[in-house]
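J.: The structure under discussion is supplied below as structure tokens; questions concerning it will follow.
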Amino acid sequence: MSETCQYCAIDERVLRLMVPVCELPHTRVYLYRENTFPGRCVVVWKEHVRKLTELTPQQRRDLMDDVGLVADTVTELYHPDKLNYLILGDESPHFHVHVVPKYKGTPQWGKMFEMMPEPSQFMASEEEYAAAAERLRTALLKKQGN
Ligand SMILES: [Zn+2]
């Protein structure tokens with residue numbers, strides 16, 4: 001835990017960018033507010049670690065279990081043509097993975113996706129975000145139980 005880390009504090013720095021979905025065994029899952037890639041999620045390791053190399057071999061497998069669960073769920077709900085997985089962290093001290101659904105025929109197909117594409121797209125209301133997060137949460141927790 002780092003008091004200045006946005007992913008530990010889960011404060012407005014995180015909440016203005018994403019909506020909490022649920023906790024999985026080893027990670028917290030968020031729905032990204034920028035909606036150019038519907039279903040885009042961020043999977044955040046629960047403990048404050050900076051990078052993959054700080055995880056033990058078992059923790060790396062645990063991470064991929066959670067990322068895989070998110071991938072299955074986003075695929076089931078959003079039917080992307082491909083999922084992109086991105087680990088950057090240049091400016092973040094807390095390890096996380098972007099799970100980004102890509103769709104054929106869209107401008108970003110076949111390219112590295114932009115973190116904050118222009119023009120940005122957002123849902124119309126907080127109610128829409130809440131409904132999308134709830135749909136993901138229900139499906140994720142159901143899959144987790146399987
Ligand atoms: Zn942190």
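Note that this note's numbering gives residue 27 to position 27 of the sequence shown, counting from 1, and the numbers run on in steps of one.
A virtual CB, placed ideally from N, CA and C, is assigned to each residue, including glycine.
1. How close, in whole Å, do the beta carbons of V97 and V43 come, if the pair is a contact with beta carbons under 8 Å?
2. Output the distance between the C-alpha atoms of Y155 and R33, rounded to the nearest integer angstrom.
3. With distances taken between CB atoms, is the gap from L55 to L63 smaller than 8 Å?
4. Starting from M115 and walking both ways along the beta strand (DSSP E), at which residues does that stretch end?
5. By Cβ distance below 7 Å, which residues in the same chain neighbour E148 in space, the five residues on each side in sequence not counted?
6. Please return the same chain residues whose Cβ sits closer than 6 Å to the Cβ of I87, not counting the five positions on each side in sequence.
T.: Judging by the given coordinates:
1. 5 Å
2. Beyond the ends of the chain as shown, which are 1 and 146, falls residue 155; an answer cannot be given.
3. yes
4. First-last for M115: undefined, no H or E at that position.
5. A query on residue 148 cannot be resolved here, the shown segment of the chain reaching from 1 to 146 and no further.
6. V97
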